[in-house]
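Taking it in order: structure first as structure tokens, then the write-up.
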């Protein structure tokens, strides 16, 4: 399977969850998910962390609670076991999320989740800044 085909399958899966129709910080949830992925890619982290960033709210989060149940095996087939485990943990974290992450004992998982958390925050902040700039009188 080529990289483009794999990417398209991931995006199609997220679209089937209506991520392209769900509002999120001045755009759509899909745009945000791609933004988080792209930040992680720029940081040159492992591909499984990038994929986890792309899917970081697939199972719902405290902010996106009304998600349909998703078969974890389907997600594993799309993004792999390591990425899916990060997504599952990330979606299960209680707020404040950063405190929940720092309490995790497994250092590899903790570091991966910290990357995803920071990319998530950075993308939200970027989108909020753009929205404010668009609303500002010239």
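Residue numbers (our numbering): 4 to 141. We put the CB at the ideal spot given by N, CA and C, even for glycine.
Below 8 Å between beta carbons: does that hold for residue 33 and residue 23?
For the purposes of this step, residue 33 is taken as the residue at position 30 of the chain shown. For the purposes of this step, residue 23 is taken as the residue at position 20 of the chain shown. Closer than 8 Å, so yes.
Count Cβ pairs between the stretch 9 to 22 and the stretch 79 to 86 that sit closer than 8 Å; are there 3 or more?
The stretch 9 to 22, when compared against the stretch 79 to 86, does touch it at the 8 Å Cβ threshold.
Taking 8 Å as the threshold (C-beta atoms), are residue 130 and residue 56 in contact?
Your numbering for residue 56 matches position 53 in the chain shown. Your numbering for residue 130 matches position 127 in the chain shown. No. Outside cutoff.
Using the C-alpha atoms, what's the distance from residue 104 back to residue 46?
For the purposes of this step, residue 46 is taken as residue 43 along the chain shown, with counting starting at 1. For the purposes of this step, residue 104 is taken as residue 101 along the chain shown, with counting starting at 1. Approximately 19 Å between the Cα atoms of the pair.
Taking the C-alpha atoms as reference points, what is the distance between residue 58 and residue 99?
Position 55 of the chain shown, counted from the start, is the residue given in the question as residue 58. Position 96 of the chain shown, counted from the start, is the residue given in the question as residue 99. Whole-angstrom Cα-Cα distance: 20 Å.
Taking 7 Å as the cut-off, is the CB of residue 134 close to at least one heavy atom of the ligand MG?
No copy of the ligand MG appears in this structure; indeed no ligand is present at all.
What residue does the alpha helix (DSSP H) around residue 95 start on, and which one ends it?
Along the chain shown, read from residue 1 onward, the residue named residue 95 stands at position 92. Its alpha helix (DSSP H) spans residues 84 to 95.
Let me know if residue 21 comes out buried or exposed under the rule of 16 or more other beta-carbons within 10 Å of its beta-carbon.
Along the chain shown, read from residue 1 onward, the residue named residue 21 stands at position 18. Flag for residue 21 reads exposed.
Name, in chain order, the residues that DSSP records as bridge partners for residue 30.
The residue labelled residue 30 in the question sits at position 27 within the chain shown. According to DSSP, residue 30 bridges with 27.
Alpha carbon to alpha carbon, what distance is there between residue 108 and residue 90?
Start at 1 with the first residue of the chain shown, and residue 90 comes out as number 87. Start at 1 with the first residue of the chain shown, and residue 108 comes out as number 105. Near 17 Å, if we compare the C-alpha coordinates of residue 108 and residue 90.
Out of 95, 115, 136 and 134, which has the shortest C-alpha to C-alpha gap to residue 49?
Sequence index remark: in the chain shown, residue 49 carries index 46 (1-based). Nearest option by C-alpha distance: 115.
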